[in-house]
Amino acid sequence: MKLSHLKQIKNYLLKFKKISAIYRVSDTIIKIAFDKDDELYFEMQRSNSKMFRCSSYARSKVYNAPFDVILAKRFNRANILGVELLNDDKILRFTTSIASAYKEETTLLQFEFTGKYTNVIILDENEVVLEALRHVDLFSSFREIRVGQKLLNVLPAPFVAKEYPLENVEIFLYDEYEKEVKNRLDSLKKQKILFLNKKLKKLQKLYDLLDDETKLKNEVQKCQHHGNIVLANIHNIKSYQKTLNLNDYDGTPLVIELHKELWTPALMASSLFSRSKKAKQKVKHLHIEKESLSSKIEHIKLFIHTVQEAKDVSKIQLLFPSKIQAKKIKTNDSVEVFWIEGYKVQLGKNEKGNIEVLKNARARDIWVHMKDRPSAHVIITTDKQNIPISIINGAGRLCVDFTTIQKDKFLVDYTPRREVTIQSGANVLYNKYKTIEVDTRK
């Protein structure tokens with residue numbers, strides 16, 4: 004945070020007379036409610052400290068560390084006696100007082116926007132540390148921050164900071180929040196896309212390593228033919244040969260390479276027939292492997308596009324739910340699982356996944372599918388509860404996002420699973436249904 008901005012914010016803070024409430028809303032963000040309803044947030048992340056305002060900021064959890072206990076005890080409903088920048092530097096200090104049953108206590112609340120050593124420190128009137136967001140020992144800095152230790156002043160900056168006038172401090176604070184949200188979203192997108200690209204690269208590598216079908220078919224015929232030639236010349240072959248020089252049926256010289264030395268000609272022929280059989284099996288299952296890997300590659304590409312198009316952090320969090328499980332549970336890699344406001348939503352990545360979600364769904368679960376066109380099948384687990392339309396809209400958006408990258412308006416049907424009749428594979432019939440519209444241009 005620029006010193007010039009901090010000076011102007013300090014002057015803005017002088018109008019407040021009381022701290023009504025103060026607490027952490029995340030590991031590094033402290034919320035202060037001034038004069039009951041004027042809320043300001045202090046982001047105290049190292050090298051990214053700032054202040055901002057916003058309409059609301061969700062509290063991640065209730066913090067009960069010693070720092071938080073002292074913070075609440077000393078500053079909830081405290082009167083503000085003064086606001087200053089220490090040594091005209093990036094250290095904002097609130098001098099406050101609170102009347103207890105016995106006496107009036109003066110406490111200092113110090114926000115240090117000093118890059119690497121960014122911190123929040125609670126001091127008594129003699130500048131002795133009561134608690135701090137981060138404790139610092141002498142091995143890390145000349146300025147020790149330890150409970151019961153008197154706090155040393157920061158050395159003054161050896162330069163004069165430039166001035167950056169603000170037209171309106173409140174607008175600046177709201178803009179800081181918007182920038183923070185955008186930076187967080189961009190950072191999260193970059194992180195998740197990097198993760199997905201690694202998966203995509205791995206799948207693409209597996210696909211590229213698949214055997215060539217023509218070569219495999221040639222291998223089948225070649226090994227079968229060579230096996231027959233070996234049987235026809237079985238009395239002319241010596242044991243423990245790895246390379247056989249024989250004549251084909253038409254008298255053409257033929258060189259047969261064996262993978263290893265075998266002690267009888269019969270075993271040599273058997274080895275060649277085994278290679279032919281193995282290649283034949285590979286040919287038989289090759290298209291299944293190709294289809295499976297192709298569908299997974301396409302799913303990851305749609306996943307990457309969905310992340311790129313996400314408009315807020317909540318969408319990223321929906322796409323990447325935290326995995327909390329006490330024991331290892333076998334998961335189906337053809338089904339993607341999401342959580343929308345606590346409701347489990349399953350999406351088929353390919354035909355196998357679509358069949359899986361249909362097969363495992365219960366009668367009252369909600370089935371979601373794009374209208375009159377092939378798409379991913381989506382199942383919302385209801386646990387026999389009525390599902391809010393917002394959950395169905397969210398599941399419908401996932402269904403569209405993981406089916407097409409086209410930006411348009413799409414119709415999506417939904418109905419209880421009991422109304423869906425499976426015809427063959429993932430092909431279904433359904434009669435009673437409702438329809439929602441999903442606009443991917445928004």
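Each residue of the sequence shown is one higher than the one before, starting from 4 at the first, in the numbering used here.
C-beta: ideal position from N, C-alpha, C; glycine also.
Start and end residues, alpha helix (DSSP H) containing residue i
| i | result |
| --- | --- |
| Asp404 | 392-404 |
| Glu216 | 216-235 |
| Tyr210 | 172-211 |
| Tyr15 | 6-16 |
Inter-residue Cα distance where the pair is residue i and residue j
| i | j | result |
| --- | --- | --- |
| Lys20 | Thr117 | 26 Å |
| Val415 | Ile390 | 16 Å |
| Gln426 | Ile358 | 11 Å |
| Lys287 | Lys352 | 24 Å |
| Leu74 | Ile25 | 7 Å |
| Ile33 | Ile343 | 28 Å |
| Leu219 | His372 | 39 Å |
| Pro455 | Ala364 | Past the edges of the chain, shown from 4 to 445, lies residue 455, and the structure says nothing about it. |
| Trp183 | Glu128 | Residue identity differs from the one stated: residue 183 is Glu in this sequence, not Trp. Near 34 Å, if we compare the C-alpha coordinates of Glu128 and Glu183. |
| Leu158 | Arg62 | 35 Å |
| Cys57 | Val403 | 32 Å |
| Glu107 | Leu88 | 24 Å |
| Val131 | Ile174 | 36 Å |
| Arg3 | Lys362 | Beyond the ends of the chain as shown, which are 4 and 445, falls residue 3; an answer cannot be given. |
| His238 | Lys280 | 25 Å |
| Ile1 | Leu249 | Residue coverage of the chain in this structure runs from 4 to 445, which leaves residue 1 outside it and unanswerable. |
| Leu84 | Thr99 | 5 Å |
| Asp140 | Gly399 | 54 Å |
| Ser297 | Thr217 | 19 Å |
| Gln328 | Lys410 | Note that Gln328 has pLDDT 47, beneath the 50 cutoff, so the model's placement of it is unreliable and no number is given. |
| Asp30 | Lys119 | 16 Å |
Of the listed residues the options, nearest to residue i (C-alpha basis)
| i | options | result |
| --- | --- | --- |
| His308 | Val86, Lys281, Ile408 | Ile408 |
| Lys39 | Ile22, Tyr167, Met54 | Ile22 |
| Asp215 | Ile382, Leu289, Ile32 | Leu289 |
| Asp375 | Gly85, Lys245, Asn434, Lys106 | Asn434 |
| Leu9 | Lys53, Thr31, Phe97 | Lys53 |
| Glu339 | Ser317, Phe70, Phe306, Ile101 | Phe306 |
| Arg27 | Met4, Asp71, Lys318 | Asp71 |
| Ser337 | Lys185, Pro377, Ala366, Glu294 | Glu294 |
| Ala235 | Tyr66, Ser242, Tyr252, Val348 | Tyr252 |
| Gln244 | Val150, Lys13, Leu265 | Leu265 |
| Ile319 | Phe198, Phe37, Asn51, Leu141 | Phe198 |
| Tyr180 | Ile394, Asn51, Val150, Gly399 | Asn51 |
| Lys195 | Ile303, Val223, Ile382, Met47 | Ile303 |
| Thr406 | Val423, Val348, Gln227, Val381 | Val381 |
8 Å Cβ cutoff, residue i in contact with chain C
| i | result |
| --- | --- |
| Asp91 | You won't find chain C in this structure, because it holds only one protein chain. |
N-terminal and C-terminal residue of the beta strand (DSSP E) that residue i is part of
| i | result |
| --- | --- |
| Asn250 | 244-250 |
| Pro271 | Here the sequence assigns Met to residue 271, which means Pro is not the residue at that position. Unbroken run through Met271 is the alpha helix (DSSP H), 268-312; no beta strand (DSSP E). |
| Gln409 | Segment: none, Gln409 is in no beta strand (DSSP E) and carries neither H nor E. |
| Ser325 | Looking at the DSSP string, Ser325 is not in any beta strand (DSSP E), and its letter there is neither H nor E. |
| Pro159 | Element bounds for Pro159: n/a, residue is neither H nor E. |
| Phe142 | Looking at the DSSP string, Phe142 is not in any beta strand (DSSP E), and its letter there is neither H nor E. |
| Pro377 | No beta strand (DSSP E) holds Pro377; DSSP gives it neither H nor E. |
| Asp127 | 122-127 |
Secondary structure of residue i, DSSP reduced to three states
| i | result |
| --- | --- |
| His372 | strand |
| Ala81 | strand |
| Gly351 | strand |
| Asn363 | helix |
| Val43 | It is worth fixing the name first, because residue 43 is Leu in this sequence and not Val. Of the three classes helix, strand and coil, the one that applies to Leu43 here is strand, per DSSP. |
| Gln48 | coil |
| Ser59 | coil |
| Leu136 | coil |
| Glu422 | helix |
| Ile240 | coil |
| Val441 | strand |
| Ser427 | strand |
Heavy atom of the ligand ADP within 7 Å of residue i beta-carbon
| i | result |
| --- | --- |
| Ser274 | The ligand ADP is absent from the structure shown, which contains no ligands of any kind. |
Counting Cβ pairs, one atom from each stretch, are 3 or more of them under 8 Å apart for the stretch 144-159 and the stretch 168-180?
The answer is no - the stretch 168-180 does not touch the stretch 144-159, with fewer than three Cβ pairs under 8 Å.
Using 8 Å as the threshold, is the stretch 262-270 in touch with the stretch 199-206, meaning 3 or more CB pairs across them?
Three or more beta-carbon pairs separated by less than 8 Å are not found between the stretch 262-270 and the stretch 199-206, which leaves the two stretches without contact.
Determine, using beta-carbon pairs with one atom in the stretch 384-398 and one in the stretch 278-287, whether at least three such pairs fall under 8 Å.
Judged by Cβ distances under 8 Å, the stretch 384-398 makes no contact with the stretch 278-287, as fewer than three pairs qualify.
Check whether the stretch 224-242 and the stretch 173-191 touch, using three or more Cβ-Cβ pairs below 8 Å as the test.
Judged by Cβ distances under 8 Å, the stretch 224-242 makes no contact with the stretch 173-191, as fewer than three pairs qualify.
Three or more C-beta pairs under 8 Å: does that hold for the stretch 310-317 against the stretch 256-267?
With a cut-off of 8 Å, the stretch 256-267 and the stretch 310-317 do not count as touching, because too few Cβ pairs lie within range.
Quick check: the stretch 97-117 against the stretch 73-89, are there 3 or more CB pairs under 8 Å?
Yes: at least three Cβ pairs fall under 8 Å.
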